[in-house]
Structure formats: C-alpha cells, structure tokens
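Peer 1: In this text, residue positions in the sequence shown follow the numbering used here: the first is 3, and each later residue adds one.
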Amino acid sequence: MLSVNDLRLERSGTVILNDVDWCVAPSQHWVILGANGSGKTSLLSALTGYLMPTAGEVSLLGEVYGQSDWRALRRKIGLVSSSVRQLMADDEPALVTVVSGKYAMIDFWGRVKRAEKIRALKWLRQVECGHLADRSWRVLSQGERQRVLVARALMADPRVLILDEPCAGLDPAAREHFLHFLQRLGARKSSPTLVLVTHHVEEIMPVFSHVLMLKAGRVLAAGKKRAVLNSPNLSTAFGSRMRLSRTGNRYVLTVAAKSAALM
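#1: When DSSP labels each residue in this structure, what does threonine 43 get in the three-state scheme?
#2: Is the CB-CB distance between serine 40 and leucine 216 below 7 Å?
#3: If you draw a straight line from the C-alpha of arginine 2 to the C-alpha of glycine 36, how long is it?
#4: Within 10 Å of its beta-carbon, does cysteine 25 have 16 or more other beta-carbons around it, so buried, or fewer, so exposed?
#5: So does the segment 197-209 actually touch the segment 248-260, counting three or more Cβ pairs closer than 8 Å?
#6: Tell me whether the segment 116-123 and the segment 98-108 touch, counting them as touching only if at least three CB pairs, one residue from each stretch, are closer than 8 Å.
#7: Would you give the residue range spanned by the alpha helix (DSSP H) that tyrosine 105 belongs to?
#8: When we look at the beta-carbon of arginine 190 and count the other beta-carbons within 10 Å, is it buried (16 or more) or exposed?
#9: Please identify the residue among Met157, Ala223 and Ser211 whose C-alpha is closest to the C-alpha of tyrosine 105.
#10: Enumerated in chain order, which unbroken segments of the alpha helix (DSSP H) with a length of 4 residues or greater are wholly contained in the segment 157-243?
#11: Is the segment 230-248 in contact with the segment 53-60, if contact means three or more CB pairs nearer than 8 Å?
#12: Proline 28: buried (16+ other C-beta within 10 angstroms of its C-beta) or exposed?
#13: Rounding to the nearest angstrom, what Cα-Cα distance links proline 160 and aspartate 71 in this structure?
#14: Would you please state the rounded distance, in angstroms, between the beta carbons of isoleucine 18 and leucine 49? I believe it to be under 8 Å.
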C-alpha cells in the first residue's frame, strides 16, 4: 500500500528526517507515535507530496512520487487534520463540504450534481452523520466536524486515510465517541488503510494493528503493536520514564514520578 525507503528530509542545513524506512501492507492499520519535533508532521508532508525528499523514495500503490502525477496520487490519500478543519467556510452545509472532497477543493463553489449529492449522503450516513447534511459548518460540534471531514476524505475513494491528531480539541466524551467510530470504520471490509497520528496511547483502539514510533527524525521502532508498544520504547520516545498498562483492550500511559533526590 505504502512504502518509504531511506527517506531523508533536509531543509536549510537541518536534518528533519533521516534514514526512515516504513512499509504498510494491505489490511494493516497503523499508529504513528512520537513527541513534538520527532518528525511526524514532516513525514506526513512527504507522504502527501507537499515536501520533496532530499533523498530516498516514497511510493503509493506501486507508484513513486516524483515519477508519477502527484496531484493524482494525493487523491488516493485522504487527510483529516486540524489544518483542514480550520479552512472550512462557516456557512457551508455539511453535504457540500463532503462533495468538495471529490475535487480536493476548499470552499466549494461549483454546482452539486445529483450523483454527487447521492454519494455524499451515502458517506454521511456511513460516518453516522446523515442527519447533518443541511447543517452549516458553524453549528456543528467539534466531534461532528471530524466525522464530516472523514466523509469528505472518503468521497475521493482513498486507499489510505491519514488522521492527523483528529482528537485535538475534543472533550473527553466527544473523543471517546470519535474513537469508537474509528474502531467501527476500520473494522469494515471496505475500509481504507488507516494511519492515526497521535501523542496519546489512550487513543489507540484495538483495530490498529501496527505502530511506527519516531524519535528525532528517525525510526525508533516499527512493527506489530504488541511488539513495539512497550514501556522502554515509550520512555525513549518521550524522553521520560514511562509505564504502559492496559485497562481492558485500551492502553494507559503514566509518567513515573521523579525521586526526591532528583527533584
């Protein structure tokens, strides 16, 4: 589905990503974990073709960035992020927002065709928001906006859906509702490959099978969740002593208290 080989990203003499290798196979759902400055955002920019690598190769569905039409490749990767959320027009109905995803257009100005309306309504129902079709962006809750943006991304039939910190700004109840929605979405046979970018292990639902952990622009660990997600790796990734535990099928991460001698 997605392959990154020896990726290096350097700007103004600063190395942002170095020797990054990563491979995503069909039927896998991934989480990208890392502290601020670990390179998560830069990796996403390289994956979506907005940052040209200094060296290395990025390929999607067998097509290599730089050797194929980047605009066409971008449409095969859906993106849900706070940067997109902030660009939506306040008075735009949810249905029109979803239709705009077909054209990768912000502030859609064209006429919605009947077939597009039917398809957009289908995706709104798929994300459990069919009743919001005529509601304008300004009156949607943060959780509703995130689901509408997922429907917008799915409108282009992406093979990979990247969710860049989708729970940022959500209250605890809205976050849980959205995470359980992701669980249902990822469990569907027709689901695209999900890639969740987050700082919080509490957001890793059971449907996610693999973890990519970044540290200072390099891959710290990558592989099956049960092999990668552990206290030593997380302590290294976040630069502090961490303890990972589980409650049911969810994870909890706590920061070990410093001893009195160190305080």
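Backbone N, C-alpha and C define an ideal beta-carbon position, used for all residues, glycine too.
Note that the structure is a prediction, hence the values are computed from the model and not measured.
Peer 2: By the coordinates alone:
#1: Start at 1 with the first residue of the sequence shown, and residue 43 comes out as number 41. The answer is helix: DSSP assigns threonine 43 an H, G or I state.
#2: Indexing the sequence shown from 1 puts residue 40 at position 38. Indexing the sequence shown from 1 puts residue 216 at position 214. For serine 40 and leucine 216, yes; Cβs fall inside 7 Å.
#3: Outside the displayed range of the chain (3 to 265) lies residue 2, so it cannot be described from this structure.
#4: The residue you call residue 25 lines up with position 23 of the sequence shown. With fewer than 16 other CB atoms across the displayed protein chains lying within 10 angstroms of its CB, cysteine 25 is exposed.
#5: By the criterion of at least three beta-carbon pairs nearer than 8 Å, the segment 197-209 is in contact with the segment 248-260.
#6: Below 8 Å, enough C-beta pairs join the segment 116-123 and the segment 98-108 to call them touching: three or more.
#7: Looking up residue 105 in the sequence shown gives position 103. Taken as a continuous stretch (DSSP letters only), the alpha helix (DSSP H) holding tyrosine 105 covers 96-105.
#8: As a first step, residue 190 is located in the sequence shown; it is residue number 188 there, counting from the start. With fewer than 16 other Cβ atoms from the protein chains shown falling within 10 Å of its own Cβ, arginine 190 counts as exposed.
#9: Within the sequence shown, residue 105 is the residue found at index 103, counting from 1. If we check each option's Cα against that of tyrosine 105, Met157 comes out closest.
#10: Those alpha helix (DSSP H) runs which fall completely within the segment 157-243 and span 4+ residues are 174-189, 227-230 and 233-240.
#11: They do not touch, by the three-pair rule.
#12: Against the sequence shown, residue 28 aligns to sequence position 26. Exposed.
#13: Sequence index remark: in the sequence shown, residue 160 carries index 158 (1-based). Sequence index remark: in the sequence shown, residue 71 carries index 69 (1-based). Annotation: proline 160 to aspartate 71 spans about 16 Å, alpha carbon to alpha carbon.
#14: Along the sequence shown, read from residue 1 onward, the residue named residue 18 stands at position 16. Along the sequence shown, read from residue 1 onward, the residue named residue 49 stands at position 47. In fact, because the Cβ distance is near 14 Å, the residues do not count as touching under 8 Å.
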